[in-house]
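In the numbering used here, the protein residues as written are 148 to 422.
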């Protein structure tokens with residue numbers, strides 16, 4: 148039985164307070180309030196296993212916001228003498244002990260955390276200290292790969308992200324063309340794997356050639372002009388050349404590509420970055 152993850156269980160017994168499921172040779176309770184309609188003995192159910200207030204394994208059909216091994220952006224519901232308690236979508240809140248908080252968490256604020264199973268207590272807890280869980284010695288990603296990224300924090304260089312729930316990555320400031328919010332998830336692309344196995348991430352699919360260079364130039368200009376340029380398909384070749392140093396044909400292909408990538412909108416007034 149995997150604590151803090153989804154498990155497939157077979158219904159083996161019915162009681163007044165719920166159903167018992169057999170998972171890997173062990174029985175675990177699914178309380179009445181979580182039982183799907185028309186469930187019968189011998190049915191198989193996919194349930195999430197966590198610990199109740201008495202530290203007993205218990206099953207639920209509720210969907211948590213994260214499981215063991217996951218990173219998530221969770222809100223602090225309460226702060227007590229033992230730590231902060233986060234809302235992770237289940238009845239029993241998720242504890243972040245004080246030793247796992249670089250700075251003291253505050254009620255009502257949200258933080259990026261990693262959920263893990265504490266080996267000493269065998270309890271599901273969360274932490275803001277990620278280094279011991281992230282290993283860059285062997286990477287299973289390569290340049291140009293599409294990856295899932297979680298926005299972690301802003302730095303002087305750009306935005307640090309969690310890549311595929313496994314690695315640290317960095318989106319450099321020059322590559323940021325929209326407002327990236329802490330805790331939001333996006334698709335990203337591996338721009339470069341450095342000699343020390345640090346990962347540079349791009350928000351756009353890597354490409355080569357004249358049109359891709361034009362897209363980059365347009366995005367940099369948009370960023371410099373606070374997200375809007377008064378150029379579109381109807382602008383004169385002379386004005387496009389003057390502002391962007393490219394032909395009208397190249398400009399039209401480039402903004403068409405950026406529109407298809409859902410990065411910009413094209414209006415009668417010009418082009419603008421999407422929020």
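Ideal placement from N, C-alpha and C gives every residue a C-beta, glycine not left out.
For clarity, every value in this text was computed on a predicted model and none was experimentally measured.
Less than 7 Å between C-beta atoms, sequence neighbours within five positions excluded: which residues of the same chain meet that for residue 419? Correct list, in chain order: 374, 375, 411, 412.
Using 8 Å for Cβ pairs, my map puts residue 236 next to residue 274. What's the rounded Cβ distance? Between residue 274 and residue 236 the Cβ distance is about 18 Å, and since that is not below 8 Å, they are no contact.
Which word fits residue 304, buried or exposed, when buried means at least 16 other C-beta atoms lie within 10 angstroms of its C-beta? Residue 304 is exposed by the Cβ-count criterion.
Is the beta carbon of residue 288 sitting closer than 8 Å to the one on residue 310? The answer is yes: Cβ separation under 8 Å.
Report all residues from its chain with a CB closer than 7 Å to the CB of residue 173; omit the five preceding and five following residues, and keep chain order. Counting only Cβ-Cβ distances below 7 Å, and skipping sequence neighbours, we find 148.
Could you tell me if residue 159 is buried or exposed, where buried requires 16 or more neighbouring beta carbons within 10 angstroms of its beta carbon? The Cβ neighbour count for residue 159, taken over all protein chains shown within 10 Å, is under 16; the residue is labelled exposed.
With a threshold of 16 other CB atoms inside 10 Å of the CB of residue 380, please say whether the residue is buried or exposed. Label assigned to residue 380: exposed.
Cβ-Cβ distance between residue 276 and residue 247 below 8 Å: Yes, these two residues count as a Cβ contact at 8 Å.
Can you grab the Cα-Cα spacing for the pair residue 295 / residue 262, in whole Å? Roughly 18 Å between the two C-alpha positions.
Any contact between the region 176 to 183 and the region 198 to 209? By contact I mean 3 or more CB pairs, one from each, below 8 Å. Yes: at least three Cβ pairs fall under 8 Å.
Specify, as a first and last residue, the run of the beta strand (DSSP E) that residue 273 falls within. That run of the beta strand (DSSP E) goes 271 to 274.
Does the distance from the C-beta atom of residue 366 to that of residue 406 stay below 8 Å? Contact flag unset, no.
Taking the alpha-carbon positions, what's the residue 226 to residue 250 distance? Residue 250 has its alpha-carbon roughly 13 Å from the corresponding atom of residue 226.
Considering only the alpha carbon of each residue, which of 152, 338, 343 lies closest to residue 354? Taking residue 354 as reference, the option from 152, 338, 343 with the minimal CA-CA separation is 338.
CA-to-CA distance, residue 350 to residue 341, given in whole angstroms: Taking the straight line from one Cα to the other gives about 18 Å.
Please give the ranges of any alpha helix (DSSP H) in the region 352 to 388, keeping only runs that are unbroken, at least 4 residues long and fully inside the region. The region 352 to 388 contains, as complete alpha helix (DSSP H) runs of 4+ residues, the segments 357 to 371 (chain order).
Pick from 398, 186, 408: whose alpha carbon is nearest that of residue 352? Closest option to residue 352, Cα to Cα, is 408.
When DSSP labels each residue in this structure, what does residue 154 get in the three-state scheme? Secondary structure of residue 154 (DSSP, three-state): strand.
Could you name each continuous beta strand (DSSP E) segment of 3 residues or more that falls completely within the region 238 to 308, going from the start of the chain to the end? Counting only runs of at least 3 residues, the region 238 to 308 fully encloses the following beta strand (DSSP E) elements, listed from N- to C-terminal order: 241 to 244, 257 to 264, 271 to 274, 293 to 301.
Please state whether the Cβ-Cβ distance between residue 327 and residue 306 is less than 8 Å. Residue 327 places its beta carbon less than 8 Å from that of residue 306.
Between the CA atoms of residue 203 and residue 241 - distance to the nearest angstrom: Roughly 15 Å between the two C-alpha positions.
Cβ-Cβ separation, residue 259 to residue 218 (assumed contact under 8 Å), whole Å: Confirmed, Cβ separation roughly 6 Å.
Whole angstroms are fine: how far does the CA of residue 330 sit from the CA of residue 228? Taking the Cα positions, residue 228 is about 26 Å away from residue 330.
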